[in-house]
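Trainee: Can you keep this structure in mind? I'll have questions shortly.
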Amino acid sequence: MGHYSLKKTIQKHHDSVNTLAFSYDGSLFASGADDGLIIVFHGNGSGREVRQFQVKAPVMTLLWHSRFGHTLVAGDASGDVHTLNLDGSTALLGKESSVFQTLLSFQSSMGSSQNPFHVSLHFLGGGDLLLATYMDHGVIGCSAVSSNGKVLAVTNLYDGIDWYSLNSNHFMDALFQYTTHHTIPDNVILPITFVHGNTAVLSGTSYGCARITTVKERTLAESLRHDSSEDIVQALAYTSQGDFRQIVTGVAERGGDTEIQMLVPTIVIITCSIAILLAATQWDRITSFTNWSEDWTRAAEASETIGTGTEEGWVEDV
């Protein structure tokens, strides 16, 4: 799976980072925060800032357009939805409740008397099915569905990650399977997303790190630590393009010290070390061969000299 190391720390926001998102090709990523700033960065490991946008309310969600790679959709806490283009143009898609038109309405199976709080929506089965999650008595904070639609991973608000099977023919019920336990001391909503080709999930914590947990064993694979053990990692994103992988994480409630971390696999460093080792090994072989060749040449020259003979007492060939 490979471990990750810190590539760069970015300090551009002045309040909690709420959302991070990579473009579809991984060349860019964007951040949104409580300060109303939306910042776009290069996602090639440099982390160089490309552009900033300012909106009037905290930025809660970001989504890159699937067809137009340099177009970003952002939602803020006031209910406004914005489209942002890297050429500098912006547009307000909708304002507050006028953003959407209701086509269908679904009733929760828990009944209206319990007033369930909607947490997330996931399209399954090529878009034919819609999976809804609810904050049912603090069970579900954030959720993620594997790209093959078979596994639902949930960060609960109590003791870790809950795993559900979605292998039902009709997806009518998610079958609870297991909980990967770790402490959630502050009862906060923590992000989660699938990584490494659905073999692991990346999740935030309220104690200064992001966690990579394997899907098969459901055990901790790696902790990606921030500077302080009190950091709340409440935003994260992952991209994988060929052999290139990258993770970005953002923290909350740090004020002017708010930071985003860029992390890349340490296997890049290991590969360089192996290349250097192989080069050194080859050099040793070349040096050994050169020394052997020089010794052989000297021996051959000595043999020719002995076989020649002179009038000054050298022994002639018989």
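According to the working numbering, the sequence shown is numbered sequentially starting from 60. In this text, a Cβ means the ideal position worked out from N, Cα and C, and glycines have one as well.
Go ahead and pull the three-state DSSP assignment for D221.
Mentor: To locate residue 221, count along the sequence shown from 1; it is residue 162. In this structure, D221 counts as strand in the three-state DSSP scheme.
Trainee: Can you give me the start and stop residues for the beta strand (DSSP E) that F253 sits inside?
Mentor: Along the sequence shown, one-based indexing puts residue 253 at 194. I251 to V254 is the span of the beta strand (DSSP E), which, as asked, contains F253.
Trainee: By DSSP, does D84 sit in helix, in strand, or in coil?
Mentor: Residue numbering aside, residue 84 sits at position 25 when the sequence shown is read from its first letter. Residue state, collapsed to three classes: coil.
Trainee: Please say whether A294 and N103 have beta carbons closer to each other than 9 Å?
Mentor: In the sequence shown, residue 103 corresponds to position 44, counting from 1. In the sequence shown, residue 294 corresponds to position 235, counting from 1. Not in contact: N103 and A294 (Cβ atoms no closer than 9 Å).
Trainee: Rounded to whole angstroms, how far is the Cβ of W222 from the Cβ of V204, which I believe are closer than 8 Å?
Mentor: In the sequence shown, residue 222 corresponds to position 163, counting from 1. In the sequence shown, residue 204 corresponds to position 145, counting from 1. That belief does not hold up - the Cβ atoms of W222 and V204 are roughly 12 Å apart, past 8 Å.
Trainee: Would you give the residue range spanned by the beta strand (DSSP E) that A311 belongs to?
Mentor: Taking the first residue of the sequence shown as 1, we reach residue 311 at position 252. A311 -> beta strand (DSSP E) spans F303 to A311.
Trainee: Over the uninterrupted beta strand (DSSP E) stretch that includes H240, give me the two end residues.
Mentor: What you label residue 240 is simply residue 181 of the sequence shown in a count that begins at 1. Start and end: L234 to H240.
Trainee: Look up G208 in the DSSP assignment and say whether it is helix, strand or coil.
Mentor: Your numbering for residue 208 matches position 149 in the sequence shown. In the structure shown, G208 sits in coil (DSSP, three-state: anything other than H, G, I, E or B).
Trainee: Distance, Cα to Cα, S206 vs A259?
Mentor: Counting from one through the sequence shown, the residue named residue 206 turns up at place 147. Counting from one through the sequence shown, the residue named residue 259 turns up at place 200. Distance between the alpha carbons of S206 and A259 is about 12 Å.
Trainee: For N226 and S90, what's the separation of their Cα atoms in angstroms?
Mentor: Indexing the sequence shown from 1 puts residue 226 at position 167. Indexing the sequence shown from 1 puts residue 90 at position 31. Roughly 34 Å between the two C-alpha positions.
Trainee: In terms of alpha-carbon separation, which member of N257, L261, G256 and H255 lies closest to L249?
Mentor: The residue you call residue 249 lines up with position 190 of the sequence shown. Checked all of N257, L261, G256 and H255; the closest Cα to L249 is L261.
Trainee: Please go through the same chain and pick out, in chain order, the residues whose beta-carbon is closer than 6 Å to the beta-carbon of I329, but skip the five residues on each side of it.
Mentor: Position 270 of the sequence shown, counted from the start, is the residue given in the question as residue 329. Unreliable positioning characterises I329 in this predicted model, as indicated by a pLDDT of 46, which lies under 50. The coordinate reading is nonetheless provided below. Excluding sequence neighbours, I329 sits near nothing in its chain.
Trainee: Suppose you measure from the CA of V254 to the CA of S137; what does that come to, to the nearest Å?
Mentor: The residue you call residue 254 lines up with position 195 of the sequence shown. The residue you call residue 137 lines up with position 78 of the sequence shown. The straight-line gap from Cα to Cα measures roughly 31 Å.
Trainee: Considering only their Cβ atoms, is the gap separating C268 from D245 smaller than 9 Å?
Mentor: Reading the sequence shown from its first residue, position 186 is the one you call residue 245. Reading the sequence shown from its first residue, position 209 is the one you call residue 268. Not closer than 9 Å, so no.
Trainee: Measuring CB to CB, does H141 end up less than 9 Å from V114?
Mentor: The residue labelled residue 141 in the question sits at position 82 within the sequence shown. The residue labelled residue 114 in the question sits at position 55 within the sequence shown. Yes. Within cutoff.
Trainee: With burial defined as no fewer than 16 other Cβ atoms inside 10 Å of the residue's Cβ, what is the status of L234: buried or exposed?
Mentor: Walking along the sequence shown from the start, residue 234 turns up at place 175. It is exposed - the Cβ of L234 has fewer than 16 other Cβ atoms within 10 Å.
Trainee: Can the beta-carbon of T317 be found closer than 9 Å to that of V292?
Mentor: Residue mapping note: residue 317 aligns to position 258 of the sequence shown, counting from 1. Residue mapping note: residue 292 aligns to position 233 of the sequence shown, counting from 1. No, the pair does not count as a contact, with Cβ atoms beyond the cut-off.
Trainee: Ignore the nearest five residues each way along the sequence and tell me which others in H241's own chain have a CB closer than 6 Å to its CB.
Mentor: Position 182 of the sequence shown, counted from the first residue, corresponds to residue 241. The answer, listed in chain order, is G219.
Trainee: Buried or exposed: L79, going by 16 or more other Cβ atoms within 10 Å of its Cβ?
Mentor: Walking along the sequence shown from the start, residue 79 turns up at place 20. Buried: at least 16 other Cβ atoms inside 10 Å.
Trainee: Among S287, D286 and A296, which residue has its Cα nearest to the Cα of I271?
Mentor: Position 212 of the sequence shown, counted from the first residue, corresponds to residue 271. The shortest C-alpha separation from I271 is found at A296.
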